[in-house]
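Participant: Chains as they are written, first to last, in this note's numbering: chain L, 3 to 161; chain U, 3 to 161.
For each residue, glycine too, the CB sits at the ideal point set by N, CA and C.
Mind looking over this structure? Questions follow.
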DNA sequence: TGACAAAGTTAGCTATACCTAACTATACTG
DNA sequence: CAGTATAGTTAGGTATAGCTAACTTTGTCA
């Protein structure tokens with residue numbers, strides 16, 4: 003097996019990995035400053051996290067340099083991003099939540115769901131999409147269902 | 003407004019609240035020992051958490067006594083339990099995940115999802131249930147859809 | 001090229017949430 | 001009702017994850 007077994011990462015470190023991955027296009031890797039901005043943490047917190055990621059063999063980073071992911075780090079990052087995208091899609095495309103809200107919720111939930119549920123969720127999205135092609139649009143039908151009920155509830159409410 | 007505004011609780015404290023709530027039937031409130039067992043933490047960790055919950059006005063607890071929830075604490079606990087149940091139902095009844103797995107996933111995810119998504123999820127479950135009454139069982143149909151694809155994938159695989 | 005701004009690091013602090021070990025209070029039981 | 005087992009607490013320690021402030025390094029440009 004690999005050098006270090008893929009020990010479970012904290013939600014926080016997964017977030018760093020995801021951020022580095024998403025900033026990686028920028029010439030030669032991600033900048034610490036941008037990671038901090040993306041995650042809304044202090045620059046010094048990034049320095050600390052990078053040290054941990056390097057120790058775990060997931061990131062490459064020499065002082066004052068750009069950050070890149072190792073193969074292993076990139077594999078983990080891709081998995082996080084995949085979860086993120088699946089959740090966002092489910093929240094937005096199936097449940098009909100506003101994209102921005104869906105994004106943020108996905109970012110928080112992505113660390114808590116295992117492969118079994120993520121797999122089924124992906125499958126479910128595909129099923130809903132397929133339903134659209136088969137002439138019955140489940141997502142659209144649900145929006146109506148939800149909208150109707152929501153309207154009923156809210157009618158006459160001040161707050 | 004109330005004495006203390008309903009400041010956001012940590013996932014951990016929400017878990018304690020939920021455990022206390024679920025153990026509350028037992029004569030005169032929950033026992034520290036049982037809370038520890040339910041959450042899989044040391045008894046001393048419970049003592050610490052109870053102190054925090056009391057400080058926040060969510061639990062009642064005098065040393066060596068049983069633990070009960072205040073009105074406010076019970077309200078929060080009910081909301082956590084509600085989320086938990088909605089998620090469990092979605093994972094199990096819609097996605098078709100084994101109940102035990104669904105339970106555990108719900109327990110982890112329940113702290114990360116806000117009212118908007120929880121509300122829609124509840125609505126979606128109702129929609130799926132209603133679909134069953136209307137002659138098209140979405141949950142059952144999805145199980146077939148997922149099962150078919152899963153079978154294809156796994157066919158011939160050793161692991 | 002030298003000064004200054006921006007980026008990155010270090011040191012030290014805080015808070016959460018656990019733990020173990022040792023102690024104390026309570027409850028049960030012969 | 002005394003002794004022991006069980007439950008609960010306290011003290012002190014660890015790990016994570018963040019922060020600010022002060023410092024160093026790097027890069028830019030007049």
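Bridge partners of residue 71 of chain L, per DSSP?
Facilitator: Note: residue 71 of chain L sits in a beta bridge opposite L:61.
Participant: The alpha helix (DSSP H) spanning residue 101 of chain U covers which residue range?
Facilitator: Run containing residue 101 of chain U: 101-111, per the alpha helix (DSSP H) assignment.
Participant: Tell me the residue span of the alpha helix (DSSP H) that contains residue 23 of chain U.
Facilitator: Taken as a continuous stretch (DSSP letters only), the alpha helix (DSSP H) holding residue 23 of chain U covers 13-25.
Participant: Pick from U:42, U:66, U:103: whose alpha carbon is nearest that of residue 53 of chain U?
Facilitator: Cα-wise, what sits closest to residue 53 of chain U is U:66.
Participant: I'd like to confirm the pairing. Which residues does DSSP put opposite residue 32 of chain L in its beta bridges?
Facilitator: For residue 32 of chain L, which the question treats as bridged, DSSP gives the partners L:69.
Participant: When the distance is taken between beta carbons, is residue 15 of chain L closer than 8 angstroms to residue 55 of chain L?
Facilitator: It is a contact, given that the beta carbons lie within the stated cut-off.
Participant: Report the neighbours of residue 114 of chain U on chain L: residues whose CB is nearer than 7 angstroms to its CB, in chain order.
Facilitator: What residue 114 of chain U touches in chain L: 110, 111, 114.
Participant: By Cβ distance, which residues of its chain are closer than 7 angstroms to residue 13 of chain L, with the 5 residues on each side in sequence left out?
Facilitator: 113, listed in sequence order.
Participant: Does the CB of residue 142 of chain U have a neighbour CB from chain L at under 8 angstroms?
Facilitator: By this cut-off, residue 142 of chain U is not an interface position.
Participant: If you draw a straight line from the C-alpha of residue 141 of chain U to the C-alpha of residue 63 of chain U, how long is it?
Facilitator: The straight-line gap from Cα to Cα measures roughly 44 angstroms.
Participant: State yes or no: is the C-beta of residue 89 of chain U within less than 8 angstroms of the C-beta of residue 71 of chain U?
Facilitator: It is not a contact, given that the beta carbons lie outside the stated cut-off.
Participant: Measure from the C-beta of residue 119 of chain U to each C-beta in chain L and report whether the shortest distance is under 8 angstroms.
Facilitator: Yes, residue 119 of chain U lies at the interface with chain L (some Cβ there is under 8 angstroms from its Cβ).
Participant: Look up residue 138 of chain U in the DSSP assignment and say whether it is helix, strand or coil.
Facilitator: Residue state, collapsed to three classes: coil.
Participant: With a CB to CB cut of under 7 angstroms and the five nearest residues on each side skipped, what residues in its chain are close to residue 120 of chain L?
Facilitator: The residues are 85, 88.
Participant: Counting C-beta neighbours from all protein chains within 10 Å, is the total for residue 11 of chain U 16 or more, i.e. buried, or is it exposed?
Facilitator: By the 10 Å Cβ count, residue 11 of chain U comes out buried.
Participant: Measure the alpha-carbon distance for residue 117 of chain U versus residue 152 of chain L and round it to whole angstroms.
Facilitator: Approximately 13 angstroms between the Cα atoms of the pair.
Participant: Does DSSP classify residue 114 of chain L as helix, strand or coil?
Facilitator: Of the three classes helix, strand and coil, the one that applies to residue 114 of chain L here is coil, per DSSP.
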